[in-house]
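Taken in order, these protein sequences are the chains called A and B.
In terms of our numbering, the first sequence is residues 984 to 1258.
In terms of our numbering, the second sequence is residues 10 to 179.
The block underneath contains the structure these notes are about, expressed in structure tokens.
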Amino acid sequence: MKPAPFDYLRADDEEEAVAALAEAGDDARLLAGGQTLMPMLNMRLVEPAVLIDISRLPGRAGIEDDGTLIEVGAAATQASLEAWPPLSARAPLLARALPLIGHVQTRSRGTVCGSIAFADPSAELSLCLATLGGEVVLRSRAGTRTLPAAAFQTGMLSTACRADEMVAAVRFPAAEPGAGYAFTEFARRHGDFAIVAVAAIAQENGIRIGVGGACERPVVQDWPPLAGSALDDALDALAWSLDAADDHHASARYRRELVRGLGKRAVQAAQETRP
Amino acid sequence: MKRLGAGSRHRIGLTLNGREAGGWAEPRMLLSDFLRHALGATGTHVGCEHGVCGACTVRLDGAPVRACLTLAVQADGRRVDTVEGLAPEGELNDLQKAFRRHHALQCGFCTPGILMSLDAWLDGRPAPDEGEIRELLSGHLCRCTGYGGIVAAALEAARAARAGDVGEDD
Ligand SMILES: Cc1cc2nc3c(=O)[nH]c(=O)nc-3n(C[C@H](O)[C@H](O)[C@H](O)COP(=O)(O)OP(=O)(O)OC[C@H]3O[C@@H](n4cnc5c(N)ncnc54)[C@H](O)[C@@H]3O)c2cc1C
Ligand code: FES
Ligand code: FES
């Protein structure tokens, strides 16, 4: 349970990080909060020759709100976003989802961008980004490009991020006036990865629902305003449409049942929290 | 940019429990192993080495973190606080006394990590409720106690800190 040897580089800014990535190529891994990568190194699931530490990029440690988008830099931890004073007013969906990610002791180092970059099918932040319709800023030595969330996450643990690129920041759309937000999930224990998670946004003219954990990546649908049996029917159709998988945590059938139950709870809670 | 080669050992200096400390580490050395093997601070325990059990929890620049998911080289120049720093040698702080009173430990393997999480957490929260304490404890596994005593001890330590008063020793 000890990592294989690697060269350690600590980047002081983004330029250094992407230059080192370009040089080292496929042999390098970025180290952000280490809350996923360090266990993989300890178990020798990966043995990179070079580790590029991006956890201390002063220029990318912050959270910026331009009025429409909330931009979170590559070095910003999940704990720092959780402690951002305007969070519950400006990003209520994130305010509800963040406490469900791991534990206080892992959020203190785990980064927001690292979670999005790793693209675990159950990751709460990937689900929030997909449901809100956010974007990912990718940086390489060749330049910067911005992708919508749906184009970024391409499958289970796979994204459009090239080997010479880093996620420099992610941008979450800020709360819209008149919208209600809810996030709910089912996990074996508090802090475990969710078996299924559901995010919902309720507006006067419609509902948006996002499902995580059931398939390889988040699934997002837009519905007209629904309630009662019409909502049950829509959730049932959504559950059947999912390409849900069996694994050692749960069967596909169980996951579909969770989508029906949690989906209803999330949609109703979002409708109730509409201002 | 700082570059440290794989094959060699590098000098790491940090502030351990308020005192300057230093040792040598290869880049791949975990902070948990550095504390135990290079600095002899064996109060920090190692259970799972993948972030799940919480036994290795220490404070890094004040925040509770997993020492097994942190490299020693990442702690260079920073402040690390471990269970050894909670009270002077041979003494217990209020939280530790409350643990003793409430039988919040049996074998004690998980205890250093739990104490460091609670120490960090009670710092900023004068009046935690039981739900919050249980949520914090979800980041730790204890195979012995069933957690009831730990929750009771944490609540009592928080109450004592508020009242500025400390309960009897036994
Ligand atoms: C006990 C425990 C419980 C957890 N529970 C949950 C949970 O319930 N839900 C959840 O979502 N997560 C959970 N996690 C994972 C945690 O949220 C991680 O912090 C997160 O998945 C990865 O972020 P990181 O900053 O730690 O990245 P790292 O571990 O440093 O990196 C992860 C991967 O992403 C790459 N990477 C990191 N940053 C970037 C970047 N900016 N650009 C490109 N690539 C990058 C790395 O090269 C690596 O391959 C848990 C972790 C632990 C230890
Ligand atoms: S040894 Fe670090 S969390 Fe278990
Ligand atoms: S006291 Fe034995 S593991 Fe907690």
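We treat Cβ as the ideally placed atom computed from N, Cα and C, and that holds for glycine.
Since the structure is predicted, the reported quantities are computational estimates derived from the model, not experimental observations.
Asked	Found
Assign residue 1145 (chain A) to buried or exposed, taking buried as 16 or more other Cβ atoms, counted over all protein chains shown, within 10 Å of its Cβ.	exposed
Could you tell me the alpha carbon to alpha carbon distance between residue 125 (chain B) and residue 1073 (chain A), rounded to whole angstroms?	32 Å
Considering only heavy atoms of ligand 4, list every residue whose Cβ is less than 7 Å from one of them, following chain order.	Ligand 4 is not part of this structure, which contains only ligand 1, ligand 2 and ligand 3.
Buried or exposed: residue 38 (chain B), going by 16 or more other Cβ atoms within 10 Å of its Cβ?	buried
Leaving out five residues before and five after residue 32 (chain B) in sequence, what residues of the same chain have Cβ atoms less than 7 Å from its Cβ?	21, 43, 47 and 48
Which bits of chain A does residue 59 (chain B) rub up against, with CB to CB less than 7 Å?	1022, 1025 and 1026
How about residue 1089 (chain A): is its Cβ closer than 6 Å to a heavy atom in ligand 1?	yes
Give a single yes or no on whether residue 1176 (chain A) has its beta carbon closer than 6 Å to a heavy atom of ligand 1.	yes
Between the region 1083 to 1102 of chain A and the region 1047 to 1058 of chain A, are three or more C-beta pairs nearer than 8 Å?	yes
Could you tell me which residues DSSP pairs with residue 1192 (chain A) in its beta bridges?	A:1183 and A:1204
Can residue 1033 (chain A) be considered in contact with ligand 2, in the sense that its beta carbon sits closer than 6 Å to one or more heavy atoms?	no
Out of curiosity, what's the CA-to-CA distance linking residue 1008 (chain A) and residue 1147 (chain A)?	7 Å
Three-state secondary structure (DSSP) at residue 1231 (chain A)?	coil
Would you say the region 1183 to 1197 of chain A touches the region 1238 to 1256 of chain A, given that touching needs at least three Cβ pairs under 8 Å?	yes
Would a check of beta-carbon distances place residue 1149 (chain A) closer than 7 Å to chain B?	no
Starting from residue 29 (chain B), follow the alpha helix (DSSP H) in both directions and report where the run begins and ends.	Taken as a continuous stretch (DSSP letters only), residue 29 (chain B) belongs to no alpha helix (DSSP H), being part of the beta strand (DSSP E) at 28 to 34.
What residues from the region 126 to 139 of chain B come within 8 Å of chain A, judged by C-beta to C-beta, listed N to C?	126 and 130
If the cut is a Cβ gap below 8 Å, which residues of chain B does residue 990 (chain A) touch?	12, 13, 14, 15 and 36
Name the two residues that bound the continuous alpha helix (DSSP H) containing residue 106 (chain B).	103 to 110
What does residue 1088 (chain A) touch in chain B if you count any residue whose Cβ is under 7 Å from its own?	63, 66, 73, 74, 75, 126 and 148
Using a Cβ cut-off of 8 Å, which residues of the region 1029 to 1057 of chain A contact any Cβ in chain B, in chain order?	1032, 1034, 1036 and 1038
If the cut-off is 8 Å on Cβ atoms, which residues from the region 76 to 109 of chain B count as contacting chain A, listed in chain order?	77, 78, 79, 80, 82 and 83
Sorry if obvious, but does the Cβ on residue 75 (chain B) come closer than 6 Å to a heavy atom of ligand 2?	yes
Can you tell which of B:96, B:14, B:147 and B:172 has the C-alpha that lies nearest to the C-alpha of residue 1170 (chain A)?	B:147
Suppose only complete runs of 3+ residues qualify. What are the beta strand (DSSP E) ranges in the region 1154 to 1182 of chain A, listed by chain order?	1163 to 1169
Is residue 1027 (chain A) helix, strand or coil by DSSP?	coil
Determine, for residue 20 (chain B), whether the minimum Cβ-Cβ distance to residues of chain A falls below 7 Å.	no
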